Amino acid sequence: TSALVLARETDMVILCVTGTPQIEQLVYGEDGLMGAVREGFVIADCSTAEPDSTVRIAADVEAKGGHFVDTPLTRTPKDAEAGKLGVMTGGPDEVLARIRPVLDCFADTIVHAGGVGSAHQPKLINNFLAVGHAAAAAASSQADGYVAWRGTNVVEQRDAGHFLATITIPVGDYTTAQG
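Next up, the structure:
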């Protein structure tokens, strides 16, 4: 079954793919979603994507009467299994209100960032921070059992379990190292 065939049978499609090239292929490619866009049709993109592409796709979909909203996800696979993902949303209030019951099926936190493309911006920042924190944690765990930060020993033992337990304490809603 192609994306086009699927889209013709529903009022909403949720995308969750690797990134912008895959999204653009699904929307614009042969048998792509653009062929099914009609008045009221919604494409919700849960992928991590380039905001400029998101805005361009949204304009093209809107020109045909549909809606393209960015709905990137946060948290872990464990949270996904429990239906407790975080969703950042970008798009018109009325469209997001209409699809909210669907998002509620897999998310317990939904934050509206603003217009189309505005949710993909903080998602990219979130990913950069996560990678930076992971790299710092990996580097510090390799520093012969301790790390010197401004002359202070931050970790003074080699017990990886203890180290992991301390860095996975959630700060706000940010749990980079939890799995």
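Residues in the sequence shown are numbered from 340 upward in steps of one, following the numbering used here. For glycine and all other residues, C-beta sits at the position ideal for the given N, C-alpha and C. Since we're looking at a predicted model, the values are computed, not measured.
Between the alpha carbons of E389 and G404, how many angstroms are there, rounded?
Their backbone Cα atoms lie some 23 Å apart in a straight line.
Tell me, to the nearest whole angstrom, how far the beta carbon of T413 is from that of S386; I am working on the premise that it is less than 8 Å.
Not quite, the Cβ-Cβ distance comes to about 13 Å (not below 8 Å), so this is no contact.
Let me confirm a value: P360 is counted as buried when at least 16 other C-beta atoms fall within 10 Å, else exposed. Which label applies?
With fewer than 16 Cβ atoms within 10 Å of its Cβ, P360 is classed as exposed.
For G453 and T428, what's the separation of their Cα atoms in angstroms?
As the crow flies, the alpha-carbon of G453 is around 7 Å from that of T428.
Please classify F407: does DSSP put it in a helix, a strand, or coil?
When DSSP states are grouped into helix, strand and coil, F407 belongs to the strand group.
To test your reading of the DSSP string, which unbroken beta strand (DSSP E) runs of 3 or more residues are found completely within the stretch 366–447?
For secondary structure counted as the beta strand (DSSP E) over 3 or more consecutive residues, the stretch 366–447 holds these complete runs in sequence order: 381–384, 406–409 and 424–429.
Using a Cβ-based criterion (distance less than 6 Å to any ligand heavy atom), does M373 qualify as near the ligand SAM?
The ligand SAM is not part of this structure, which contains no ligands at all.
For the alpha helix (DSSP H) containing V455, name the first residue and the last one.
Note, V455: premise wrong, no alpha helix (DSSP H); not H, not E.
Is A478 buried or exposed, if buried means 16 or more other CB atoms sit within 10 Å of its CB?
With fewer than 16 Cβ atoms within 10 Å of its Cβ, A478 is classed as exposed.
Looking at the secondary structure, which residues open and close the alpha helix (DSSP H) in which V356 lies?
Segment: none, V356 is in no alpha helix (DSSP H) and carries neither H nor E.
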